[in-house]
Every structure is written in structure tokens, then in C-alpha cells.
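**Q**
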Amino acid sequence: MDARRPKSGTRHDVKPRKGSDLDSLSARERELREKIEQLQDFVDHGPEREREAEEERRRILPPPSEITQRKREKKFMEQLSRGELKNEKRHQAKSGFLLFLLILAILAIGLWIYRTIQ
562 MDARRPKSGT RHDVKPRKGS DLDSLSARER ELREKIEQLQ DFVDHGPERE REAEEERRRI
622 LPPPSEITQR KREKKFMEQL SRGELKNEKR HQAKSGFLLF LLILAILAIG LWIYRTIQ
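Each step along the sequence shown adds one to the number in the working numbering, with nothing skipped, and position 85 is 646.
(1) In the structure shown, what three-state DSSP assignment does Ala666 receive?
(2) Expressed to the nearest angstrom, what Euclidean distance is found between the alpha-carbon atoms of Glu595 and Phe603?
(3) Report the three-state DSSP secondary structure of Gln679 (helix, strand or coil).
(4) Arg676 to Phe658, Cα distance in whole Å?
(5) State the start and end residues of the unbroken alpha helix (DSSP H) segment that holds Ser598.
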């Protein structure tokens with residue numbers, strides 16, 4: 562037998578595991594540590610972040626009551642533009658005609674006063 566070759570049954574003869582169990586345990590440990598860090602960060606800073614997010618939302622969006630008010634106004638204006646628009650135009654035309662008659666009456670009275678004075 563060759564003196565350089567180890568004999569059967571020695572520790573050199575046993576093939577070590579590739580470390581898959583050790584690697585998987587190490588990976589699991591890293592995952593758990595990361596999860597613990599995330600949870601610790603959430604516990605430490607979570608309420609503060611939530612408060613800041615709520616303040617940011619308040620600064621960006623109007624309050625819900627204002628949103629409903631705007632929706633009501635928009636609906637009213639849509640209805641106004643449909644049905645009331647004709648009435649409004651009719652009213653303005655009538656007002657314009659009355660303004661024309663008023664100006665005509667003022668001119669007639671002014672002319673009458675001018676002729677009376679002369």
C-alpha cells in the first residue's frame with residue numbers, strides 16, 4: 562500500500578457536507594435579523610412616520626367635507642348650466658331691453674327739458 566494514501570475510515574475519507582445546512586441556517590438567520598431590524602425600526606419610528614404621512618395627506622388633499630361641498634357645487638352648476646342657462650339668457654335679454662328703454666326715456670326727458678329751457 563502507498564504510504565501517502567490515508568487508510569479507509571480516517572477523517573480524510575469522510576466527505577464533509579457542502580455546508581448546505583449551515584448556509585441555509587445562516588441565510589435564515591440573516592432574514593430573521595433583517596425582519597427584527599425592520600420591526601424594531603417600525604416600533605421606534607412607526608408612529609412618527611404615520612403622523613408625518615397624515616400631516617402630508619392633510620396638506621395635499623382638502624378635508625372630506627370640502628370635497629363633498631365641491632361635488633355638490635359642481636352638480637348644482639351642471640344643473641344650472643342645463644336648465645337655468647336658458648332662463649338666465651332670457652332674463653339678461655329682458656334686462657338689456659329694459660336698460661335700452663331707460664336710456665331712451667332719459668334722453669327723451671333730457672330733450673324735453675332742453676326745449677323747455679330755450
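Cβ atoms here follow ideal geometry from the backbone N, Cα and C, with glycine treated the same way.
**A** On the basis of the coordinates in this document:
(1) Three-state result, Ala666: helix.
(2) Rounded to whole angstroms, Glu595 to Phe603 spans 12 angstroms at the Cα level.
(3) Note: Gln679 maps to coil in three-state DSSP.
(4) Approximately 27 angstroms, taken between the alpha carbons.
(5) This sequence places Glu at residue 598; Ser is not what is there. Start and end: 581 to 621.
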